[in-house]
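**Student:** Once you've had a glance at the structure underneath, I'll fire off some questions.
In the numbering used here, the protein residues as written are 0 to 260.
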């Protein structure tokens with residue numbers, strides 16, 4: 000259906016088809032904007048992301064190539080999401096409040112892990128952070144991607160996320176072979192960690208982060224309450240946090256080996 004509307008717009012210059020195609024894709028734009036706004040509310044609101052997403056959608060209208068064997072929806076989704084991420088990056092990659100919460104979690108996690116000689120539970124972490132378990136689980140939803148990112152990189156207290164990204168990921172061609180090994184190792188560890196999760200935890204992570212469903216939607220699929228899904232998400236994320244944290248030695252070894260290069 001979308002491909003047919005695109006064809007009429009592209010080859011027949013049908014303005015009505017163009018308008019209908021944009022209208023049909025607006026729910027996708029709004030859905031992506033609402034999801035990303037959870038992590039960017041301090042730097043740009045949902046309306047900003049919707050505006051950026053519409054620009055991405057229009058860009059997709061002009062650049063879509065049906066010969067690439069990708070559906071228009073899939074292609075448009077990538078363009079829309081990319082435009083929104085650019086908007087967030089241009090404003091501020093992650094709100095300072097999220098950075099601070101993530102660093103606090105990482106610090107408390109490390110201290111408890113050393114003290115207990117085991118992985119701390121979410122209840123122990125919540126208590127150490129002076130939070131209720133409900134507050135802790137909500138925080139884990141808010142900082143989820145940031146928690147994994149910060150734990151897998153050496154961003155200093157003074158360095159902002161966007162500065163780190165700009166200096167390290169501006170151009171794939173600038174990545175050294177050693178750094179590429181690190182990135183690939185990180186992806187491998189994270190992938191293995193997700194695959195080793197209990198089935199229900201892995202499914203929640205997959206549906207939430209990759210299928211971009213809400214906790215409420217996941218609850219309906221799994222016949223669970225939204226609160227229970229949040230609990231499963233929190234437990235799973237802590238396991239991924241632990242797994243990705245274990246690879247910090249890889250970064251340290253690389254830095255030591257290349258410090259004087």
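No residue lacks a Cβ here, since even glycine has one placed at the ideal position from N, Cα and C.
Could you pull out every unbroken alpha helix (DSSP H) segment of at least 4 residues lying fully inside the stretch 3 to 39, listed in chain order?
**Tutor:** 14 to 39
**Student:** When you compare each of 128, 19, 35, 212 to residue 86 by their alpha carbons, which one comes out closest?
**Tutor:** Here residue 86 corresponds to residue number 87 of the chain shown, with the count starting at 1. If we check each option's Cα against that of residue 86, 35 comes out closest.
**Student:** Please report the residue range of the alpha helix (DSSP H) in which residue 214 lies.
**Tutor:** The sequence position of residue 214 within the chain shown is 215, counting from 1. Residues 214 to 221.
**Student:** Helix, strand or coil: which one does DSSP assign to residue 149?
**Tutor:** Taking the first residue of the chain shown as 1, we reach residue 149 at position 150. Caution applies to residue 149, whose pLDDT of 45 falls short of 50 and renders its modelled position unreliable; the value that the coordinates give is listed next. In this structure, residue 149 counts as helix in the three-state DSSP scheme.
**Student:** On the three-state DSSP scale, how would you describe residue 190?
**Tutor:** Position 191 of the chain shown, counted from the first residue, corresponds to residue 190. Three-state result, residue 190: helix.
**Student:** Checking 8 Å against the spacing of the C-beta atoms, do residue 33 and residue 22 come in under that value?
**Tutor:** Start at 1 with the first residue of the chain shown, and residue 33 comes out as number 34. Start at 1 with the first residue of the chain shown, and residue 22 comes out as number 23. Result no, Cβ atoms of residue 33 and residue 22 do not sit closer than 8 Å.
**Student:** With distances taken from CA atoms, which of 206, 233, 24 is nearest residue 134?
**Tutor:** For the purposes of this step, residue 134 is taken as residue 135 along the chain shown, with counting starting at 1. That would be 233, whose Cα lies nearest to the Cα of residue 134.
**Student:** List the endpoints of the continuous alpha helix (DSSP H) containing residue 67.
**Tutor:** Taking the chain shown and counting its residues from 1, one reaches residue 67 at position 68. No alpha helix (DSSP H) holds residue 67; DSSP gives it neither H nor E.
**Student:** Return the CA-CA distance between residue 136 and residue 75, expressed in angstroms with no decimal places.
**Tutor:** Along the chain shown, one-based indexing puts residue 136 at 137. Along the chain shown, one-based indexing puts residue 75 at 76. The straight-line gap from Cα to Cα measures roughly 32 Å.
**Student:** Restricting to runs no shorter than 4 residues, where is the alpha helix (DSSP H) found entirely within the stretch 77 to 135?
**Tutor:** 95 to 115, 121 to 127
**Student:** Is the stretch 194 to 205 in contact with the stretch 216 to 229, if contact means three or more CB pairs nearer than 8 Å?
**Tutor:** yes
**Student:** Which of the three DSSP states is assigned to residue 0 in this structure?
**Tutor:** As a working mapping, residue 0 is identified with position 1 in the chain shown. Three-state result, residue 0: coil.
**Student:** Where does residue 196 fall in DSSP's three states?
**Tutor:** Here residue 196 refers to the residue found at position 197 when the chain shown is read from its first residue. Reduced to three states, the DSSP call for residue 196 is coil.
**Student:** Out of curiosity, what's the CA-to-CA distance linking residue 140 and residue 116?
**Tutor:** Numbered from its first residue, the chain shown carries residue 140 at position 141. Numbered from its first residue, the chain shown carries residue 116 at position 117. Each residue's alpha carbon lies about 26 Å from the other.
**Student:** Pick from 206, 112, 27: whose alpha carbon is nearest that of residue 71?
**Tutor:** Position 72 of the chain shown, counted from the start, is the residue given in the question as residue 71. Comparing Cα-Cα distances from residue 71 to each of 206, 112, 27, the minimum goes to 27.
**Student:** For the alpha helix (DSSP H) containing residue 50, name the first residue and the last one.
**Tutor:** Within the chain shown, numbered from 1, the residue matching residue 50 stands at position 51. Unbroken alpha helix (DSSP H) run through residue 50: 45 to 62.
**Student:** Buried or exposed: residue 119, going by 16 or more other Cβ atoms within 10 Å of its Cβ?
**Tutor:** Stepping through the chain shown from its first residue, residue 119 is reached at position 120. That one is buried.
**Student:** Quick check: residue 123 and residue 237, are their CB atoms within less than 8 Å of each other?
**Tutor:** Translated into the one-based positions of the chain shown, residue 123 becomes position 124. Translated into the one-based positions of the chain shown, residue 237 becomes position 238. At a Cβ-Cβ threshold of 8 Å, residue 123 and residue 237 do not count as neighbours.
**Student:** Hey, how far is the Cα of residue 110 from the Cα of residue 209?
**Tutor:** Start at 1 with the first residue of the chain shown, and residue 110 comes out as number 111. Start at 1 with the first residue of the chain shown, and residue 209 comes out as number 210. Between residue 110 and residue 209, the C-alpha separation is close to 31 Å.
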